[in-house]
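Asker: Have a look at this one before I ask anything.
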Amino acid sequence: MKYGTITLFVFTLPLLVVTNSNTPIKDPYGIDDRLEIVHLYLDQWPTGVAVSESGRIFSCFPAANDELNSNNGTNNVFQVAELTGFDTETAYPNETYNNPPGGCVNFSGPFPRTKGLSDYLLSVPTVAFDQNDVLYLLDNGRCIYNGVRLEASPGGPKLVSVDLNTDSIIRSSSSPRMSSRLNRSWVT
């Protein structure tokens, strides 16, 4: 992206914007010719977008906000993705970390609850960078099942830092108190 360019991410029906070229689509509404559509979201709907110093773009798709983003073990949805093309995303930092075995819901007790999996992303509402271009993923550890936002279980909520040079996890931090605090907070 160039200095002085306004970037527009379109969260809309894919039929509203059509192109056959690789050139950026300019503002279809004629508001400002500096607006350019960078990405079309076709399947999952994001809540956050972060752009690295090098221009890599990431989005998050929290399961706590949309049941269609809740991983059920077979639907291969992801919590964090790198935008790899005009209308394509790739699970980030990898597909395995985005797909908890059997999905995000624990059915072993009398009521379903979110699994407390510290080694998998469950519901990421926020992605952000620091001054060193490290990507931070805030996982609230909650998901929706049958229209109900389930509480977080210990191990589920975490803050994960990812090195963009190696696309690997630097650190994942969680504490037992995080799940109880997130269950009482507005962070979804």
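Residues -21 to -1, 1 to 167, numbered by mature numbering (1 follows the signal peptide of the UniProt record, and there is no 0), are exactly what the sequence shown covers, in order.
For glycine and all other residues, C-beta sits at the position ideal for the given N, C-alpha and C.
By Cβ distance below 7 Å, which residues in the same chain neighbour E32 in space, the five residues on each side in sequence not counted?
Answerer: Your numbering for residue 32 matches position 53 in the sequence shown. Here the set comprises D112.
Asker: If you check the beta carbons only, do C83 and A42 fall under 8 Å apart?
Answerer: Taking the first residue of the sequence shown as position 1, residue 83 is located at position 104. Taking the first residue of the sequence shown as position 1, residue 42 is located at position 63. In this structure, A42 lies closer than 8 Å to C83 by Cβ.
Asker: Please list the segments of the beta strand (DSSP E) lying wholly inside the region 108 to 150, counting only runs of 3 or more residues, in order along the chain.
Answerer: Complete beta strand (DSSP E) runs here, min 3: 113 to 118 and 137 to 142.
Asker: Taking C-beta to C-beta, are V106 and G27 nearer than 8 Å?
Answerer: As a first step, residue 106 must be located in the sequence shown, where it is residue number 127. As a first step, residue 27 must be located in the sequence shown, where it is residue number 48. Cβ atoms of V106 and G27: closer than 8 Å.
Asker: Grouping DSSP H, G and I as helix and E and B as strand, with all else coil, what is T75?
Answerer: The residue labelled residue 75 in the question sits at position 96 within the sequence shown. In the structure shown, T75 sits in a helix (DSSP, three-state: H, G or I).
Asker: So, are the CB atoms of S97 and G126 less than 8 Å apart?
Answerer: Within the sequence shown, numbered from 1, the residue matching residue 97 stands at position 118. Within the sequence shown, numbered from 1, the residue matching residue 126 stands at position 147. No, Cβ-Cβ distance for S97 and G126 is not below 8 Å.
Asker: Among residues of its own chain, excluding the 5 on either side of L117, which ones have a beta-carbon nearer than 7 Å to its beta-carbon?
Answerer: The residue labelled residue 117 in the question sits at position 138 within the sequence shown. Excluding residues within five positions, the ones whose Cβ falls inside 7 Å are V103, P104, T105 and L138.
Asker: So, for L129: in the same chain, excluding its five sequence neighbours on each side, which residues have a beta-carbon less than 8 Å away from its beta-carbon?
Answerer: By 1-based counting over the sequence shown, the position of residue 129 is 150. For L129, where only same-chain residues beyond five positions count, the Cβ hits under 8 Å are V84, P91, R92, T93, R121, C122 and I123.
Asker: R92 bridges to which residues according to DSSP?
Answerer: As a working mapping, residue 92 is identified with position 113 in the sequence shown. For R92, which the question treats as bridged, DSSP gives the partners N85.
Asker: What first and last residue would you give for the beta strand (DSSP E) that runs through T53?
Answerer: If you number the sequence shown from 1, residue 53 lands on position 74. It is not in any beta strand (DSSP E) - T53 carries neither H nor E in the DSSP assignment.
Asker: Is the distance from the Cβ of E61 to the Cβ of Y76 below 8 Å?
Answerer: Counted from its first residue, the sequence shown places residue 61 at position 82. Counted from its first residue, the sequence shown places residue 76 at position 97. It is not a contact, given that the beta carbons lie outside the stated cut-off.
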